[in-house]
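Under the working numbering, think of the first position of the sequence shown as 228, with each following residue one higher.
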Amino acid sequence: MSSSLVDQDRRHRAFLLLGIGFALVVLWQTTLGSFILYPLTILATWFHEMGHGIAAMATGSSFERLLIFPNGSGVAQLMTPNNESRFQIAVVAASGPMGPAVAGALLIIASRNRARQALSVLGATLILSTLIWVRSWTGWIVLPGLGLAILALAYRGTPSQQRLGTQILGVQACISAWKQFGYLFTAGGSIGGQMHRSDTGAIADALLLPYWLWGTLISLGIAALMFWSLKVALRP
């Protein structure tokens with residue numbers, strides 16, 4: 228294949244993946260789209276809450292359990308020390324939207340020549356995390372099914388299917404923070420019938436500056452990670 232055809236194929240793949248990401252964000256903002264994308268909504272919530280949980284453990288707190296509600300919202304219940312610093316609070320809060328973007332970027336890069344391994348790790352992690360932390364019926368029903376489907380793709384799919392699947396899952400992880408686009412630009416909202424501070428609101432409380440500025444910075448960081456990882460994955 229000539230270099231011009233290779234470049235054209237790379238551009239088409241990049242536009243396809245970015246188009247899929249854009250379509251997912253738009254569909255998530257509609258009632259019908261949210262219904263159609265329900266499994267991906269639950270997956271996006273899992274990515275988000277696992278980001279909080281892993282960051283909490285890394286900064287000295289305990290990740291007690293993960294709740295995912297039927298409407299697609301969720302919460303990571305943590306046990307934090309009394310002397311938790313403002314920086315620790317901000318890191319845990321930021322890891323909800325940014326953690327999935329990092330994981331998504333790694334998935335996209337892995338699609339270059341480690342797609343099967345990446346799918347295997349993701350599928351197994353979904354199942355294991357359900358056993359260890361998830362304590363809600365919605366999570367118990369949906370997450371293991373998603374994990375098994377991803378493992379089936381890892382071991383039954385063709386290399387091209389594995390590559391595309393890994394890239395789509397990576398893009399989906401990156402954009403999971405935009406599932407409810409306004410979330411990053413609000414101070415808080417209702418989750419599971421209780422009022423919670425938004426991630427950007429928690430960062431603003433810990434580090435000053437308004438929540439909308441943190442929402443903007445996080446959105447720019449997510450976009451940068453996604454574009455960079457696609458560039459790496461699709462280079463010759």
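Just so it is clear, CB atoms sit at the ideal spot from N, CA and C, and this is done for glycine as well.
{"Item": "Buried or exposed by the 16-neighbour rule on C-beta atoms within 10 Å, applied to Tyr410", "Value": "buried"}
{"Item": "Three-state secondary structure (DSSP) of Ser312", "Value": "coil"}
{"Item": "Segment contact, 8 angstroms Cβ cut-off, at least three pairs: the region 326-340 with the region 308-315", "Value": "no"}
{"Item": "Closest Cα partner of Leu346 within the set Leu380, Arg240 and Phe274", "Value": "Leu380"}
{"Item": "For Phe274 and Ile335, the rounded distance between their alpha carbons", "Value": "15 angstroms"}
{"Item": "In DSSP terms, what Ala303 is bridged to", "Value": "Leu293"}
{"Item": "Extent of the continuous alpha helix (DSSP H) run through Ser387", "Value": "Pro386 to Cys401"}
{"Item": "Residues near Val369 by beta carbon distance below 7 angstroms, same chain, minus five either side", "Value": "Pro266 and Ile269"}
{"Item": "Pairwise C-alpha distance: Gly278 and Ala337", "Value": "19 angstroms"}
{"Item": "Bridge partners - Val361, DSSP secondary structure assignment", "Value": "Leu293"}
{"Item": "CB of Pro371 within 8 angstroms of CB of Ile354, strictly", "Value": "yes"}
{"Item": "Presumed contact (8 angstroms Cβ cut-off) between Trp405 and Val252, rounded CB distance", "Value": "5 angstroms"}
{"Item": "Nearest-angstrom Cα separation, counted from Asp234 out to Gly442", "Value": "34 angstroms"}
{"Item": "Coarse secondary structure for Ser347, derived from DSSP in three states", "Value": "helix"}
{"Item": "Lys184, DSSP secondary structure in three states", "Value": "Summary: the structure shown does not reach residue 184, with the chain confined to residues 228 through 463, and so no result is reported for it."}
{"Item": "Helix, strand or coil at Arg341 according to DSSP, with G and I counted as helix", "Value": "coil"}
{"Item": "Minimum length 4: unbroken alpha helix (DSSP H) runs contained in the region 231-264", "Value": "258-263"}
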